[in-house]
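*Asks:*
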Amino acid sequence: MKSLNLKFLLYYLALYIFMSLIYFSFQSYTNNFDTKLREIFFEIRGEVPASKDIVIVDIDEKSLKQLGQWPFGRDKMAQTLINLTNAQVGIIGLDIVFAEYDRLSPHTLAQQLNVQGDFLDHDTIFGNIIANTPTILGYFFTNEKNDNIAPNIATPIVDAKNTKMLLTANGVVSNITPVQENSYSSGFFNAAPSSTGKITQMPLMMKYQDKIYPSLSLEIIRAIRQVQNTHITYEDNILRGINLDEFLIPTDDKGFFTLNFRGPQRSFKYISFADIYNNTFDEKDIQGKIVLIGTSVTTLADLRATVYDLSMPGVEIHATLLDNIFKQDFLYMPTWSVALDALMIFSLILILGYILMVLKPIFIFPFVLILTSGLYYYLYDLLFRDGIIVNLFFPLVCIISSTLLTTLLKYFEERKISLFIKSKFAKKVSPAVMEDLLQKEDDAFKVKNSELTVFFSDLRDFTKISEKLNDPQRLINLLNCYMEPMTNKIIEKEGTIDKFIGDAIMAYWNAPQVCIKHADSAVTCALNQLEALGKLNIQIKKEYDLELDIGIGLNSGLCTVGEMGSLGRSDYTIIGDNVNLASRVEGLTKFFGVKLIITEQTKKLLKDTYTIKELATVKVKGKEEATTLFEVIDLKNEQSQDELLFQKALEYFKKEDVKNALELFLQLDMNKYFKLNQLYIHACQKQLNKPSKNFNPIFDLDFK
Numbered sequence: 010m011k012s013l014n015l016k017f018l019l020y021y022l023a024l025y026i027f028m029s030l031i032y033f034s035f036q037s038y039t040n041n042f043d044t045k046l047r048e049i050f051f052e053i054r055g056e057v058p059a060s061k062d063i064v065i066v067d068i069d070e071k072s073l074k075q076l077g078q079w080p081f082g083r084d085k086m087a088q089t090l091i092n093l094t095n096a097q098v099g100i101i102g103l104d105i106v107f108a109e110y111d112r113l114s115p116h117t118l119a120q121q122l123n124v125q126g127d128f129l130d131h132d133t134i135f136g137n138i139i140a141n142t143p144t145i146l147g148y149f150f151t152n153e154k155n156d157n158i159a160p161n162i163a164t165p166i167v168d169a170k171n172t173k174m175l176l177t178a179n180g181v182v183s184n185i186t187p188v189q190e191n192s193y194s195s196g197f198f199n200a201a202p203s204s205t206g207k208i209t210q211m212p213l214m215m216k217y218q219d220k221i222y223p224s225l226s227l228e229i230i231r232a233i234r235q236v237q238n239t240h241i242t243y244e245d246n247i248l249r250g251i252n253l254d255e256f257l258i259p260t261d262d263k264g265f266f267t268l269n270f271r272g273p274q275r276s277f278k279y280i281s282f283a284d285i286y287n288n289t290f291d292e293k294d295i296q297g298k299i300v301l302i303g304t305s306v307t308t309l310a311d312l313r314a315t316v317y318d319l320s321m322p323g324v325e326i327h328a329t330l331l332d333n334i335f336k337q338d339f340l341y342m343p344t345w346s347v348a349l350d351a352l353m354i355f356s357l358i359l360i361l362g363y364i365l366m367v368l369k370p371i372f373i374f375p376f377v378l379i380l381t382s383g384l385y386y387y388l389y390d391l392l393f394r395d396g397i398i399v400n401l402f403f404p405l406v407c408i409i410s411s412t413l414l415t416t417l418l419k420y421f422e423e424r425k426i427s428l429f430i431k432s433k434f435a436k437k438v439s440p441a442v443m444e445d446l447l448q449k450e451d452d453a454f455k456v457k458n459s460e461l462t463v464f465f466s467d468l469r470d471f472t473k474i475s476e477k478l479n480d481p482q483r484l485i486n487l488l489n490c491y492m493e494p495m496t497n498k499i500i501e502k503e504g505t506i507d508k509f510i511g512d513a514i515m516a517y518w519n520a521p522q523v524c525i526k527h528a529d530s531a532v533t534c535a536l537n538q539l540e541a542l543g544k545l546n547i548q549i550k551k552e553y554d555l556e557l558d559i560g561i562g563l564n565s566g567l568c569t570v571g572e573m574g575s576l577g578r579s580d581y582t583i584i585g586d587n588v589n590l591a592s593r594v595e596g597l598t599k600f601f602g603v604k605l606i607i608t609e610q611t612k613k614l615l616k617d618t619y620t621i622k623e624l625a626t627v628k629v630k631g632k633e634e635a636t637t638l639f640e641v642i643d644l645k646n647e648q649s650q651d652e653l654l655f656q657k658a659l660e661y662f663k664k665e666d667v668k669n670a671l672e673l674f675l676q677l678d679m680n681k682y683f684k685l686n687q688l689y690i691h692a693c694q695k696q697l698n699k700p701s702k703n704f705n706p707i708f709d710l711d712f713k
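Okay, structure coming up:
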């Protein structure tokens, strides 16, 4: 198992290195999946309340219907700003750029018609109104190069020492001079979709002509807080956010702010532009509020795809950004998030891989399901409770990769072990036992001490049989004819065939398959073999003109069992004193003239009833302790009068009352148990003829 664990570990280590390489070298290619997973988190969370202090003045279809096509005249824009200011608006942000002069202004029309005179200039009037209202203008940068001058910055962004990662513009589309030069401040309203095509972040800063410019939302925040110093914050020389007089707004290293969306469009309060212009609104809806002016009309092309809505007005995205900053429920990626990502990759490949490796296959899927659910619940909580962004894609990939790798490794390893087990046991055990071994393959080859019942059988007078047949092929055919039913009886009783030694068979019970009644199974098997041999002899008599006789010995006790042998040439077998004793007992069947002998250890383990006859207490060669031997006669517990008489005689013999013992032994049927009876008659007569004070009822047998 240790070598297996090490081999598995090397595979997981290779997977860990591979995933780490992708994470640190090719993360930009996986951001799309990461963003999609975060979008799913937003969908699960659902809508949350938006700030009531932010109001959107919408240039909607109603406004276009009442006030004409866009762009409206600057006089209408000016009147709208006046109405908002009169309602004591807090601040106004324009998600609009006035890049062209008002085509409906009298001054513009007079110029176009070459008419001389002092005509009203709506653009100048609008610029004057802007100068006297709390209005922040908007503009946007482009990738197309031009020589336009960007608006002046009310408060420069300082400490811009490492800005290579910031978005850099090649051109700018700003407001016309009469409008721009009268404004207090302005900010760009560019938006940059993510790799999924949806807006998930907004740039707070952009670089143009070696200067750093703030976004519309950032400039509104700065103006409200009356900040005089705007600093870029760094950590380990990496851009981490913007500091407005100790008020830190976190960003990524490119100056992007991650949006914590409140819901689909109209999560904020909307008021029609027409209502503001016509002064038909409730001033309480405006008083002290942040007002953003933008459009929701499809034809004006300012609709953006977000996690909640595929057509959210761009102005509401600015509202979301402002709301995030005011409520400080930021979503940001701390400096240690990379370390956390690396830790998760390590844990979800190496540690998870080790856990999956030791789990049973049936538990892998439930464990992975629970782990994935728990992990992503934690990451969900980390995102929306603590506002911390970590990579969502790689943990999932690591879990899937570890699970797939484990499944494949386990499959091939189990297949290898299964083939190995089949090669070892296919001819040793029954199909049912084989199936059980395949289910418990981890324990199949462990060397251990187990209580077994060991079986030995041997053909009587095999040398004479060989001489009589005098034909190797006929001898082999005879052996095969004998071995097949004997082997089948062992298999039927779920025994394990250890080996064939010439004409001898060695088998055992309770390994590798657990067999609770292993002694009974072995005894029943032996009796079945003797019965089968009786039927087989009818056929053998006809074909070979002889009959076979066997002796069977059984012993139970602790044995060492497991895979043994040299490297590349080993076998599953058993060893130990109890194995040797079983072999000795089989050899005594001929000595006692019986067919099946069991030891007292086997008899103690029997749970079923049999006709059992005590034979003798002996000391076999190589054993100091005496062992009582028994003959198993039948599956029924019925003893004949002759057997009862033998048991009574044996009791006298063990009590050293050889006179009464001899009297009873002489009454026995000598034809049935000639050798056994003669053994005891001879022992009794010897003691009576030459009495010995050291008479021992235990037979000391010094032969194998």
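So that you can map any letter, position 291 of the sequence shown is 300 in my numbering, and since no number is skipped, the others follow by simple counting. Even glycine gets a Cβ: it sits at the ideal position worked out from N, Cα and C.
Ignore the nearest five residues each way along the sequence and tell me which others in S281's own chain have a CB closer than 7 Å to its CB.
*Replies:* Counting from 1 along the sequence shown, the entry for residue 281 is found at position 272. Excluding residues within five positions, the ones whose Cβ falls inside 7 Å are D67, D69, K71, S72.
*Asks:* Out of A108, N40, Y363, K293, state which residue places its alpha-carbon closest to the alpha-carbon of P202.
*Replies:* If you number the sequence shown from 1, residue 202 lands on position 193. If we check each option's Cα against that of P202, N40 comes out closest.
*Asks:* Identify, in the order they occur along the chain, each residue of the same chain with its Cβ nearer than 7 Å to the Cβ of L19, setting aside the five sequence neighbours on each side.
*Replies:* Looking up residue 19 in the sequence shown gives position 10. So the list is empty, once near-sequence residues are dropped.
*Asks:* Would the beta-carbon of H327 fall within 8 Å of that of G102?
*Replies:* Indexing the sequence shown from 1 puts residue 327 at position 318. Indexing the sequence shown from 1 puts residue 102 at position 93. Yes.
*Asks:* Measure the CB-CB distance between I606 and E640 and report whether it falls below 8 Å.
*Replies:* In the sequence shown, counting from the first residue as 1, residue 606 sits at position 597. In the sequence shown, counting from the first residue as 1, residue 640 sits at position 631. Yes, Cβ-Cβ distance for I606 and E640 is below 8 Å.
*Asks:* Checking contacts by CB at 8 Å: is I583 closer than that to chain D?
*Replies:* In the structure shown, chain D does not exist; there is a single protein chain.
*Asks:* Got a sec? Which residues, its chain only, sit under 6 Å from R469 by beta carbon, not counting five neighbours each side?
*Replies:* The residue you call residue 469 lines up with position 460 of the sequence shown. Leaving aside the five residues that flank R469 on each side, the residues in its chain whose CB is nearer than 6 Å to its CB run, in chain order, D558.
*Asks:* Start and end of the beta strand (DSSP E) containing S281?
*Replies:* Indexing the sequence shown from 1 puts residue 281 at position 272. 278-281 is the span of the beta strand (DSSP E), which, as asked, contains S281.
*Asks:* Along the chain, where does the alpha helix (DSSP H) that runs through F266 open and close?
*Replies:* For the purposes of this step, residue 266 is taken as the residue at position 257 of the sequence shown. Where F266 is concerned, there is no enclosing alpha helix (DSSP H), although the beta strand (DSSP E) it sits in stretches over 265-267.
*Asks:* Name the two residues that bound the continuous beta strand (DSSP E) containing A625.
*Replies:* The residue given as residue 625 occupies position 616 in the sequence shown. Looking at the DSSP string, the run of the beta strand (DSSP E) that includes A625 is 620-628.
*Asks:* Check for me: the beta strand (DSSP E) holding K457 runs from which residue to which?
*Replies:* Within the sequence shown, residue 457 is the residue found at index 448, counting from 1. Residues 457-468.
*Asks:* Quick check on this structure: which residue in Y21, Y38, Q610, P58 has the alpha carbon closest to the alpha carbon of T626?
*Replies:* Your numbering for residue 626 matches position 617 in the sequence shown. The shortest C-alpha separation from T626 is found at Q610.
*Asks:* Starting from the C-beta of T267, find all residues in its chain whose C-beta is less than 6 Å away, skip the five residues before and the five after it, and write them out in chain order.
*Replies:* Locating residue 267 in the sequence shown gives position 258, where the first residue counts as 1. Here T267 has Q210, L340 as same chain residues with Cβ atoms under 6 Å from its own Cβ, once five neighbours each way along the sequence are excluded.
*Asks:* Starting from the C-beta of I499, find all residues in its chain whose C-beta is less than 7 Å away, skip the five residues before and the five after it, and write them out in chain order.
*Replies:* Sequence index remark: in the sequence shown, residue 499 carries index 490 (1-based). In chain order, I506, A516, C534 place their CB closer than 7 Å to the CB of I499, counting only its own chain and leaving out the 5 sequence neighbours on each side.
*Asks:* So, using beta-carbon positions, are S565 and E460 closer together than 8 Å?
*Replies:* Walking along the sequence shown from the start, residue 565 turns up at place 556. Walking along the sequence shown from the start, residue 460 turns up at place 451. A contact, by the Cβ cut-off of 8 Å.
*Asks:* Quick check: what's the CA-CA separation for M10 versus L413?
*Replies:* Against the sequence shown, residue 10 aligns to sequence position 1. Against the sequence shown, residue 413 aligns to sequence position 404. Caution applies to M10, whose pLDDT of 44 falls short of 50 and renders its modelled position unreliable; the value that the coordinates give is listed next. Spanning the two alpha carbons is a distance of roughly 21 Å.
*Asks:* For a test of the three-state rule: what should DSSP assign to Y341, helix, strand or coil?
*Replies:* Position 332 of the sequence shown, counted from the first residue, corresponds to residue 341. Strand, per DSSP.
*Asks:* Quick one: what's got a C-beta closer than 7 Å to L542's C-beta in the same chain, skipping five residues either side?
*Replies:* Residue mapping note: residue 542 aligns to position 533 of the sequence shown, counting from 1. Answer for L542: L557, I559, listed in chain order.
*Asks:* Looking at the unbroken beta strand (DSSP E) that takes in A513, where does it start and where does it end?
*Replies:* For the purposes of this step, residue 513 is taken as residue 504 along the sequence shown, with counting starting at 1. That run of the beta strand (DSSP E) goes 513-518.
*Asks:* From the DSSP output, read off the bridge partner residues of T244.
*Replies:* By 1-based counting over the sequence shown, the position of residue 244 is 235. Note that residue 244 corresponds to Glu in the displayed sequence, not to Thr. Beta bridge pairing from DSSP links E244 with I247.
*Asks:* Cutting at 8 Å between CB atoms, please list the residues of its own chain near G82, excluding the five before and the five after it.
*Replies:* Within the sequence shown, the letter at position 73 stands for residue 82. Excluding positions up to five away in sequence, the list reads D111, L113, S114, H131.
*Asks:* Can you list, in chain order, the residues of its chain whose CB lies under 7 Å from that of L555, leaving out five sequence neighbours each side?
*Replies:* In the sequence shown, the residue the question calls residue 555 occupies position 546. Hits under 7 Å: I474, K477, I549.
*Asks:* Kindly indicate the opening and closing residues of the alpha helix (DSSP H) around Q694.
*Replies:* On the sequence shown, position 685 is the one that residue 694 refers to. Looking at the DSSP string, the run of the alpha helix (DSSP H) that includes Q694 is 683-698.
*Asks:* At what residues does the alpha helix (DSSP H) containing V367 begin and finish?
*Replies:* Mapped onto the sequence shown, residue 367 falls at position 358. If you look at V367, you'll find it in the alpha helix (DSSP H) that goes 361-367.
*Asks:* Select from R54, T144, G55, V182 the residue whose C-alpha is nearest the C-alpha of Q97.
*Replies:* Here residue 97 refers to the residue found at position 88 when the sequence shown is read from its first residue. Checking every option, the nearest Cα to that of Q97 belongs to T144.
*Asks:* Give me, in chain order, the residues of the same chain whose beta-carbon lies closer than 6 Å to that of T142; leave out the 5 immediate sequence neighbours on both sides.
*Replies:* For the purposes of this step, residue 142 is taken as the residue at position 133 of the sequence shown. These residues qualify, in order along the chain: L90, T94.
*Asks:* Can you name, in chain order, every residue of its own chain whose Cβ lies under 6 Å from the Cβ of Y279, other than the five neighbours on each side?
*Replies:* Position 270 of the sequence shown, counted from the start, is the residue given in the question as residue 279. Only I65, D67 meet the Cβ criterion.
*Asks:* Ordered along the chain, which non-local residues of its own chain (more than five positions away) have a Cβ less than 7 Å from that of L384?
*Replies:* Here the question's residue 384 lines up with position 375 in the sequence shown. Excluding sequence neighbours, L384 sits near P404.
*Asks:* Once DSSP output is grouped into helix, strand and coil, what is the label at V603?
*Replies:* The residue labelled residue 603 in the question sits at position 594 within the sequence shown. The DSSP-derived three-state label of V603 is coil.
*Asks:* If we ignore side chains and look at the alpha-carbon of each, how far apart do V236 and L388 end up?
*Replies:* Along the sequence shown, one-based indexing puts residue 236 at 227. Along the sequence shown, one-based indexing puts residue 388 at 379. Each residue's alpha carbon lies about 35 Å from the other.
*Asks:* Give me, in chain order, the residues of the same chain whose beta-carbon lies closer than 7 Å to that of V667; leave out the 5 immediate sequence neighbours on both sides.
*Replies:* Taking the sequence shown and counting its residues from 1, the one referred to as residue 667 is at position 658. Hits under 7 Å: C693, Q696, L697.
*Asks:* If distances are taken between C-alpha atoms only, which option among G206, P187, T177 comes closest to F197?
*Replies:* Looking up residue 197 in the sequence shown gives position 188. F197 has its Cα closest to that of T177, out of G206, P187, T177.
*Asks:* Using a Cβ-Cβ cutoff of less than 6 Å, which residues in the same chain neighbour T344 once the five nearest sequence positions on both sides are dropped?
*Replies:* As a first step, residue 344 is located in the sequence shown; it is residue number 335 there, counting from the start. Same-chain partners within the cutoff: E244.
*Asks:* Going by C-alpha to C-alpha distance, which of N92, N686, E48 sits closest to D291?
*Replies:* In the sequence shown, counting from the first residue as 1, residue 291 sits at position 282. When only C-alpha atoms are compared, the closest one is N92.
*Asks:* So, under 8 Å CB-CB, D261 and M366 are touching, yes? Tell me the CB distance rounded to an integer number of Å.
*Replies:* As a first step, residue 261 is located in the sequence shown; it is residue number 252 there, counting from the start. As a first step, residue 366 is located in the sequence shown; it is residue number 357 there, counting from the start. About 38 Å separates the beta carbons of D261 and M366, which is beyond the 8 Å limit, so they are not a contact pair.
*Asks:* Between the Cα of I134 and those of N191, I621, P160, A159, spot the shortest distance and give me the residue it belongs to.
*Replies:* Here residue 134 refers to the residue found at position 125 of the sequence shown. The residue with the shortest Cα to Cα distance from I134 is N191.
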